[in-house]
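Taken in order, these protein sequences are the chains called A and B.
Once you know that position 454 of the first sequence is 453 in numbering that gives the first Met the number 0, the rest is easy, because the numbers rise by one and skip nothing.
Once you know that position 182 of the second sequence is 181 in numbering that gives the first Met the number 0, the rest is easy, because the numbers rise by one and skip nothing.
Even glycine gets a Cβ: it sits at the ideal position worked out from N, Cα and C.
There are 2 protein chains.
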Amino acid sequence: MDNNIKITYPSSEKVYMSGKLYPQLRVGMRKVRLTPTVDIVDGKKVVTENAPVYVYDTSGPYSDPEVEIDLRRGLPKLRSPWIAKRKPGDTQMALAKRGVITEEMEYVAIRENMNCAELGIDTHITPEFVRQEVAAGRAVIPANINHPEAEPMVIGTNFLVKINTNIGNSATTSGIEEEVEKAVWSCKWGGDTLMDLSTGDNIHETREWILRNCPVPVGTVPMYQAFEKVDGKAEDLTWEIFRDTLLEQCEQGVDYFTIHCGIRLKNVPLSQGRLTGMVSRGGSIISKWCMVHQQESFLYSHFDDICDICAKYDVAISLGDGLRPGSIHDANDAAQFAELDTMGELVERAWAKNVQAFIEGPGHVPMQKIRANMDRQIEKCHGAPFYTLGPLVTDIAPGYDHITSAIGASMIGWYGTAMLCYVTPKEHLALPEKDDVRTGVVTYKIAAHAADIAKGHPGATIRDNALSKARYEFRWKDQFNLALDPERALEYYKTSNDVEGRYCTMCGPNFCAARISHSLKDCDQ
Amino acid sequence: MDNNIKITYPSSEKVYMSGKLYPQLRVGMRKVRLTPTVDIVDGKKVVTENAPVYVYDTSGPYSDPEVEIDLRRGLPKLRSPWIAKRKPGDTQMALAKRGVITEEMEYVAIRENMNCAELGIDTHITPEFVRQEVAAGRAVIPANINHPEAEPMVIGTNFLVKINTNIGNSATTSGIEEEVEKAVWSCKWGGDTLMDLSTGDNIHETREWILRNCPVPVGTVPMYQAFEKVDGKAEDLTWEIFRDTLLEQCEQGVDYFTIHCGIRLKNVPLSQGRLTGMVSRGGSIISKWCMVHQQESFLYSHFDDICDICAKYDVAISLGDGLRPGSIHDANDAAQFAELDTMGELVERAWAKNVQAFIEGPGHVPMQKIRANMDRQIEKCHGAPFYTLGPLVTDIAPGYDHITSAIGASMIGWYGTAMLCYVTPKEHLALPEKDDVRTGVVTYKIAAHAADIAKGHPGATIRDNALSKARYEFRWKDQFNLALDPERALEYYKTSNDVEGRYCTMCGPNFCAARISHSLKDCDQ
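If you want it as structure tokens, here you go:
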């Protein structure tokens with residue numbers, strides 16, 4: 000393994016902003032330098048500077064040339080001094096409810112706003128606003144006290160839409176090195192959180208390597224490890240085995256757990272009339288347990304115990320949707336909505352114990368049924384953040400499901416979903432490889448950003464406008480450097496362009512609309 | 000050049016349906032054969048057949064093993080006997096208004112419905128309904144009397160959403176052979192119409208090869224060829240040069256013309272305050288002419304003459320949006336909407352001369368502004384079909400603009416747009432190559448299909464349901480064969496799967512949700 004991975008972006012530098020409440024905070028951002036605009040006015044060259052653009056940066060210390068990376072040692076423990084001061088039970092939510100603005104809260108407020116203040120752009124996102132949102136359960140800052148390497152980030156409908164990346168091996172594929180590489184790769188392209196969904200060998204060790212080297216919050220589905228412990232026999236699972244797995248992962252530093260607590264014994268049969276039954280791994284495992292034992296799931300009956308464990312470490316609970324539809328045919332059915340309603344009940348119990356929580360959502364949903372999902376989630380789950388997989392708006396495009404799902408993701412993000420779980424081109428077909436992670440992350444950055452624009456997030460269009468200005472002025476490199484994937488844009492451009500200058504091979508010199516459009520100025524009466 | 004190109008699809012056969020009004024009609028479809036479902040019930044193997052799925056087929060004679068293809072000779076002239084009977088002025092619209100149901104109208108009615116009748120699915124699409132829609136201007140059947148090789152298809156909000164593919168060389172790239180290959184390739188993946196946007200050498204000859212070998216309607220932007228005739232000097236253009244170009248292309252068989260008749264002298268300056276001015280090639284050329292001469296454009300002042308020419312050949316007019324926004328910043332501005340309103344005026348003048356017409360739309364539009372485009376188009380353009388490019392919902396993803404635009408395209412398709420102009424991954428960067436055409440077409444098939452589902456088109460979900468059933472039953476090959484791109488799905492699957500059977504490497508045998516979900520049946524009480 001290359002122990003000194005670095006992340007670089009073209010014409011960019013790593014900059015830090017400090018806090019006001021906590022002046023020692025250093026919130027990393029990426030500053031993209033632009034070239035000036037050059038005009039010819041009355042035969043004279045007029046040069047106008049273009050302001051740099053600040054970009055939300057998930058790459059952590061990997062993109063800071065001052066930080067020496069050593070994967071064997073792990074990343075610097077950014078949050079350790081903040082955590083050291085805290086008392087047992089001091090979750091972000093508990094502190095927020097007591098009126099305390101934590102370092103994490105100011106950090107995310109700065110991070111969300113970028114340099115809007117400098118640009119004179121109004122923003123509703125103050126540290127106090129973050130505190131209120133966390134206190135009310137409308138926002139989550141996943142921050143296990145044992146994962147001090149992670150940079151704080153916030154998940155909530157009144158903030159930038161976030162994206163999650165799934166990685167992880169299965170019994171038949173992929174090793175630790177490859178998974179760590181994918182984790183860093185995800186951070187490079189813009190993944191906000193990372194789920195390690197490993198189900199194969201070395202679950203613990205793989206997770207350890209990822210956690211110690213991951214600058215973003217890490218989530219897991221603890222049931223996967225518990226299930227390994229019982230050799231894949233659902234009926235042999237017990238609360239004790241599950242509890243011990245939770246404790247092990249809390250100790251390691253996992254920031255949020257997907258747990259399918261919303262599956263009720265009475266609701267499992269609702270999935271039997273479906274076209275595609277149950278497609279959630281965690282959901283199907285616990286459903287099997289319920290059916291074999293004809294008992295309410297221990298995830299449901301021990302929910303308060305789960306919360307007590309999570310509160311101790313400030314691990315957030317992501318209420319998994321085990322009954323999510325696996326096909327557009329099954330969307331918005333009784334099974335799906337029964338579970339959603341149960342999750343609405345559970346989220347209030349989590350909050351009562353100061354555990355941060357969010358709600359997972361589908362899945363496969365045709366466009367005309369997406370809004371109903373969001374509306375029902377808001378109604379039944381009391382404003383808890385929604386975290387959706389896609390949804391995929393058609394089932395007929397395996398190989399392109401990053402696209403079928405990005406369509407639904409953009410829409411549900413606009414409607415209010417706080418975090419989007421990415422889908423790669425390999426969905427339904429194989430585990431994602433490194434390039435699939437890149438494609439999946441960039442595709443979901445598009446969906447999230449489109450939603451931010453539609454929601455009117457402060458400053459959301461700064462980058463679009465700077466890129467479009469560069470495009471119109473033939474500042475090709477600026478255009479690429481501002482792109483979500485500068486490398487791919489440049490690579491495609493180079494396939495047929497060897498010209499530098501005021502036209503390209505798409506149109507040739509005569510047919511360039513931008514060129515002709517510029518020349519209209521000279522015709523003005 | 001390979002003169003005997005064939006198109007094949009796995010486990011598929013070419014079938015034909017005949018008409019009732021016109022029994023000699025042979026409407027081609029693709030029939031996908033499926034394998035049976037095999038269950039074990041009480042230890043016994045139970046085999047249940049799965050009905051084949053009929054798929055809308057744009058591949059024409061290329062996928063019929065009975066037809067011998069020879070590119071030098073061109074495709075069979077399907078429509079010649081129908082056209083032979085007609086009198087001057089007998090456009091589809093003129094006939095529709097007179098109450099005549101043409102062969103083309105029955106053909107498209109059958110094509111839209113596939114085998115819904117056999118499946119007992121109600122449909123509103125009868126030959127008489129098609130006639131009414133064409134008569135009212137709400138639907139267009141582009142069908143130049145000199146392009147008898149094209150199979151009839153219909154563009155209208157009450158029909159399946161269609162997609163258009165742009166190909167064509169520029170002064171600096173690509174030859175005739177490559178363009179013909181791209182044309183056939185587009186038809187293979189599902190392109191409903193094809194625009195030849197060549198601007199380089201051999202415009203006439205390239206178009207001839209494409210027209211004679213294209214089973215779908217072909218569109219052009221005649222201004223490109225006119226502009227070549229004046230060596231790229233906009234001010235030297237004249238009505239006569241443009242008229243002669245139209246006549247030449249009508250004679251050749253072009254089915255629809257994009258003409259930027261909606262640009263008014265008074266509206267050109269509205270583009271000057273924009274971030275990205277004018278990004279339409281045709282629009283910028285005619286605007287330049289207007290500004291230099293300080294005259295109303297000859298495309299506008301000679302609009303009735305244009306209609307007279309088009310009526311003679313039954314060429315449809317696609318009113319081009321020269322003032323479409325080239326960035327989300329410029330979306331829905333005064334320039335764009337002024338032109339849209341002018342197009343609404345022109346479309347009624349086209350209809351008065353029995354010329355079929357549709358309206359082109361943007362471009363770059365953030366999600367929250369898409370609906371206003373559709374609503375205004377419906378209001379101002381009297382129900383004429385809308386034909387949009389994307390729209391792209393963010394500007395920051397060059398290299399991925401097939402995705403940024405598919406998001407907008409799906410939404411506007413749902414809201415009522417009749418045809419979507421595809422965008423490839425090379426948009427803004429280079430001319431598309433063959434694989435970009437494939438990616439662009441499949442991406443837009445996704446958008447169009449998602450819109451069909453959302454609009455409730457009869458039978459739209461048949462393919463989704465069959466594919467999802469195959470997926471849930473581990474009928475991998477059926478799943479791939481039903482996919483929009485069977486080859487890519489299989490290729491991805493093969494990257495890590497060498498197992499045939501009831502699980503795959505994504506989860507391994509123990510973690511397969513579908514497997515566990517199936518096993519729940521045995522737990523039922």
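Contact of H328(A) with chain B is assigned, a C-beta pair being separated by under 7 angstroms. Sequence-ordered contacts of the segment 408 to 439 of chain B with chain A read S409, M410, W413, P424, K425, H427, L428, A429, L430 and E432 [C-beta pairs closer than 8 angstroms]. With 16 or more neighbouring CB atoms inside 10 Å of its own CB, N353(A) falls in the buried class. In the DSSP annotation of this structure, M277(B) is not part of any beta strand (DSSP E), being labelled neither H nor E.
Rounded to the nearest whole angstrom, the CA to CA distance from Y491(B) to K444(A) is 23 angstroms.
Remark: C-beta atoms of V139(A) and P384(A) approach each other more closely than 7 angstroms. When secondary structure is reduced to three states using DSSP, I395(B) falls in the coil class, being assigned neither helix nor strand. Distance from the CA atom of D484(B) to the CA atom of R25(A), rounded to whole angstroms, is 48 angstroms. Y386(B) has its alpha-carbon roughly 9 angstroms from the corresponding atom of I162(B). Collapsing the DSSP output to three states places K232(A) in coil.
Of the other Cβ atoms in all chains shown, fewer than 16 fall within 10 Å of the Cβ of Q23(A); this residue is therefore exposed. Between E359(A) and N212(B), the alpha-carbon positions lie close to 50 angstroms from each other. DSSP places F241(A) inside the alpha helix (DSSP H), whose first and last residues are W238 to Q251. By alpha-carbon distance to A446(A), the top candidate from V153(A), G407(A), L481(A) and A429(A) is G407(A). Against T403(B), the close residues of chain A are I445 and A449, in the order they occur along the chain (beta-carbon pairs closer than 8 angstroms). DSSP, reduced to helix, strand and coil, places T438(B) within a helical segment of the structure shown.
Rounded to whole angstroms, the separation of the alpha carbons of G261(A) and L298(A) is 8 angstroms. Proximity of the segment 75 to 88 of chain B to the segment 113 to 129 of chain B falls short of the contact definition, fewer than three beta-carbon pairs being nearer than 8 angstroms. What Q478(B) touches in chain A, judged by beta-carbon distance under 7 angstroms, is P397, going in chain order.
Remark: C-beta atoms of P390(B) and G362(B) approach each other more closely than 7 angstroms. Here E150(A) is buried, its C-beta having at least 16 other C-beta atoms within 10 Å.
Residue pairing of T164(B) in beta bridges, as defined by DSSP: L193(B).
Runs of alpha helix (DSSP H) with 4 or more residues, each lying fully within the segment 273 to 341 of chain B, are found at 280 to 292, 297 to 300 and 302 to 312, listed in chain order. For K352(A), the three-state secondary structure derived from DSSP is coil. About 5 angstroms separates the CB atoms of I452(B) and P365(A); that is less than 8 angstroms, so the two are in contact. Judged by DSSP in its simplified three-state form, I124(B) adopts coil rather than helix or strand.
Annotation for P80(A): no residue places its beta carbon closer than 8 angstroms to its own, counting only its chain and skipping 5 residues before and after. Closest option to G174(B), judged by alpha-carbon separation, among V107(B), Y106(B), D63(B) and D200(B): D200(B). Under DSSP, G218(A) takes part in a beta bridge, and its partners are M194(A) and Y255(A). Residue environment: T237(A) is assigned as exposed (fewer than 16 neighbouring CB atoms within 10 Å of its CB, all protein chains considered). If you draw a straight line from the Cα of Q335(A) to the Cα of V267(A), it comes to about 10 angstroms.
For I39(A), the enclosing beta strand (DSSP E) begins and ends at T36 to V40. Within the segment 276 to 289 of chain A, contact with chain B at the beta-carbon level (separation under 8 angstroms) is assigned to G276, M277, V278, S279, R280, G282, S283, I284, S286 and K287.
Here V66(A) carries a coil assignment [DSSP, helix/strand/coil]. Boundaries cannot be given for M152(B), as no alpha helix (DSSP H) includes it and DSSP labels it neither H nor E. For C420(B), the enclosing beta strand (DSSP E) starts and ends at M418 to C420.
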